[in-house]
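Numbering (the numbering used here), first residue to last: 2 to 461.
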């Protein structure tokens, strides 16, 4: 009820909010222009950036429409100025952002998610894992966290959260009403979804955005390298989540009735085919450096086999999360404009490097944590990672750290779609999510800083 009231107030005052933000936009544009002495192409790129930020923050229009607007403005406004200034640029550079290697990689992930859902393999996996946990509360909680995070590495975290709530809700409702552990189980699902997305490049859009910008900067991060970097950080955060929930919502002397019958049906031929395609695709992504096939090409092969082999139908193709793909493309297209215009280099030279790397690093991570708490993590990554990639010699550490923080801030019901699903279940209040979510966000901030200093340098 509280969230509905807040949303209604925001909608009612949206014109006023937009006016204030437009005034702020004009002020900051004037400030940047005077401070950086921008060229005409840089001015236009900055206007596109600030206008996009305004639309993404307020969500006055759908986020994917804003992304398409980035492409339109880049082609009609920025591109002619680049040509007039003699800057090497092609229209294809902007189009490629929407259908390049990263987009195909992410689309391949969506297709695998559709296959796992359509053929019931994700649910069978979840049921099997939960059956093995027994009735001891701490083991049940660990099992739910593990299977939810594992699924979120390969599936949409929104779909994972919805499915896990359908499986776990009957178990939660059987607990005594006086037991605080029911809230712990309910919080575990969205938070494990958020953290689990860190583990693979397809787990959440900020990961793909970071890889895309690094590729534009000439730094290649393979699928396997990303997993080697992110998986240990993910594991530490999941362990902290388990420990925190057990102490914040102690189960007491209760035994949990799983309420899940043993699965007796054998796998069908199509399910075996889906399992084979899933494993081969993952193997292709992990071995892309050996085979010479890019991750996008591997994703494209999986897409063609899934639809060409009639494992998925036309309706499944229509149900792909095209809005996420367009948001991803819009962010990468924005990056092309910032790079081609020279604005990223200008900003990089204007940043007070003398303040020290760790000061700038800390400011960017704090901004990522704060912004993602109240807005889309995809939009946050699209706004901050271009700044990070413009800083010479530190692009990789900054981009990866920002992408991790964009998925680790989860203090409010509006922070992520899984949080919204959990809040909508009626099992939680906003303060329950805030208390645990804020502690996890702070812990993730510290863990990311430590990993960036001591762990990431081992790979590069």
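Built from N, CA and C at the ideal position, the CB exists for glycine as well.
- Selection from 330, 432, 238 that minimises the alpha carbon distance to residue 441: Taking the chain shown and counting its residues from 1, one reaches residue 441 at position 440. The residue with the shortest Cα to Cα distance from residue 441 is 238.
- Report yes if the C-beta distance between residue 144 and residue 131 is below 8 angstroms; otherwise report no. For the purposes of this step, residue 144 is taken as the residue at position 143 of the chain shown. For the purposes of this step, residue 131 is taken as the residue at position 130 of the chain shown. Contact flag set, yes.
- residue 1, buried or exposed, once every other Cβ within 10 Å from all chains shown has been counted against 16: Given that the chain is displayed from residue 2 to residue 461, the structure contains no residue 1 and the question cannot be resolved.
- Task: Run the CB neighbour count on residue 224, radius 10 Å, all protein chains shown included, and call it buried at 16 or more, exposed below.
- Result: The residue given as residue 224 occupies position 223 in the chain shown. Buried is the call here.
- Could you please give the first and the last residue of the uninterrupted alpha helix (DSSP H) stretch that includes residue 248? Working through the chain shown from its first residue, we reach residue 248 at position 247. 224 to 249 is the extent of the alpha helix (DSSP H) around residue 248.
- Selected residue, minimal CA-CA separation from residue 394, among 220, 430, 371: Translated into positions along the chain shown, residue 394 becomes position 393. Minimum Cα distance to residue 394 is reached at 220.
- Item | Range covered by the alpha helix (DSSP H) that runs through residue 84 | For the purposes of this step, residue 84 is taken as the residue at position 83 of the chain shown. Here the alpha helix (DSSP H) through residue 84 covers 80 to 85.
- Whose CA, out of 425, 438, 399, 322, lies closest to the CA of residue 451? Start at 1 with the first residue of the chain shown, and residue 451 comes out as number 450. Cα-wise, what sits closest to residue 451 is 399.
- Item | Nearest residue (CA-CA) to residue 44, options 188, 174, 151, 338 | For this step, residue 44 is matched to residue 43 along the chain shown. It is 338 whose Cα lies nearest to the Cα of residue 44.
- Message: Quick check: what's the CA-CA separation for residue 468 versus residue 178?
- Response: For the chain, the structure presents residues 2 to 461; residue 468 sits outside this window and is missing.
- Buried or exposed for residue 11, please, with buried defined as at least 16 other CB atoms from any protein chain shown within 10 angstroms of its CB. For the purposes of this step, residue 11 is taken as residue 10 along the chain shown, with counting starting at 1. Residue placement at residue 11 cannot be trusted, given a pLDDT of 44 that sits under 50; the coordinates are not used to answer.
- Query: Ordered along the chain, which non-local residues of its own chain (more than five positions away) have a Cβ less than 7 angstroms from that of residue 46?
  - Reply: Position 45 of the chain shown, counted from the start, is the residue given in the question as residue 46. 79, 338, 339, 342, 344.
- Task: Compute the Euclidean distance between the alpha carbons of residue 327 and residue 99, then round it to the nearest angstrom.
- Result: Translated into the one-based positions of the chain shown, residue 327 becomes position 326. Translated into the one-based positions of the chain shown, residue 99 becomes position 98. One C-alpha to the other measures close to 7 angstroms.
- Local conformation of residue 350 per DSSP, three classes: Position 349 of the chain shown, counted from the start, is the residue given in the question as residue 350. Three-state result, residue 350: helix.
- Task: Would you tell me roughly how many angstroms separate the C-alpha atoms of residue 269 and residue 117, rounded to the nearest one?
- Result: The residue you call residue 269 lines up with position 268 of the chain shown. The residue you call residue 117 lines up with position 116 of the chain shown. Approximately 13 angstroms between the Cα atoms of the pair.
- The alpha helix (DSSP H) enclosing residue 119, as first and last residue numbers: Translated into positions along the chain shown, residue 119 becomes position 118. Element bounds for residue 119: 102 to 119.
- Task: Flag residue 82 as yes when its Cβ comes closer than 7 angstroms to any non-hydrogen atom of the ligand FAD, and as no otherwise.
- Result: No copy of the ligand FAD appears in this structure; indeed no ligand is present at all.
- Message: Could you give the first and the last residue of the continuous alpha helix (DSSP H) run that contains residue 323?
- Response: By 1-based counting over the chain shown, the position of residue 323 is 322. Segment 323 to 342, the alpha helix (DSSP H) holding residue 323.
- Item | Opening and closing residue of the alpha helix (DSSP H) in which residue 410 lies | On the chain shown, residue 410 is found 409 positions in, with the first residue counted as 1. No alpha helix (DSSP H) holds residue 410; DSSP gives it neither H nor E.
- Item | Length at least 4, wholly inside the region 400 to 460: the alpha helix (DSSP H) runs in chain order | 418 to 425, 431 to 455
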